[in-house]
Amino acid sequence: MSLNNEIQVESEFNKLNISDNSVIINHDNCYKPLRPHFKPWCKECVPRCIIEEIIEGWTSENNDIDEFIKDTIYSAKIDSGYPIFLEWVPFDRFKDIKQIGEGGFAKVYSATWID
1396 MSLNNEIQVE SEFNKLNISD NSVIINHDNC YKPLRPHFKP WCKECVPRCI IEEIIEGWTS
1456 ENNDIDEFIK DTIYSAKIDS GYPIFLEWVP FDRFKDIKQI GEGGFAKVYS ATWID
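For the sequence shown, the numbering used here begins at 1396 and goes up steadily by one.
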């Protein structure tokens, strides 16, 4: 790692670039699901933290969801050197939103992702 590299740090509402002045990166303040008061996170830590929690017995209490998360993590694609396994897409990034079904507990929609 070059001393002039920049590490991209993302928070819930903005992105910052922080110059890396150290070869050693301190991940103590990165987001950890068990420590939700830490909002900043790095793309290196989040997948590792999620996998650690799943291995340590974390569960959503829904086996189908747990299996989906594990399958998604383990089949992640690599983009810019970081795994991409789930992505939040804001509602305003969809067009042609149509309700296609409704059940006892949910409505189902189809839409086209703009990006």
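Note that CB positions come from ideal geometry on N, CA and C, so glycine has one too.
Using the three-state DSSP reduction, which class does residue i fall into: helix, strand or coil?
i: Val1503; result: strand
i: Ile1495; result: strand
Roughly how many angstroms lie between the CA atoms of residue i and residue j, to the nearest whole one?
i: Ala1501; j: Phe1489; result: 19 Å
i: Gln1494; j: Tyr1504; result: 4 Å
i: Asn1458; j: Trp1508; result: 28 Å
i: Gly1499; j: Ile1460; result: 19 Å
i: Val1484; j: Glu1462; result: 21 Å
i: Asp1487; j: Thr1467; result: 24 Å
i: Thr1454; j: Ala1506; result: 30 Å
i: Asp1510; j: Gly1496; result: 25 Å
i: Asp1491; j: Gly1452; result: 40 Å
Can you have a look at residue i and say buried or exposed, based on whether 16 or more other CB atoms are within 10 angstroms of its CB?
i: Asn1416; result: Only weak support is given to the placement of Asn1416: the predicted model assigns it a pLDDT of 38, under 50, and the question is left unresolved by the model.
i: Ile1464; result: buried
With distances taken Cα to Cα, identify the nearest neighbour of residue i among the options.
i: Leu1481; options: Glu1497, Ser1470 and Glu1456; result: Ser1470
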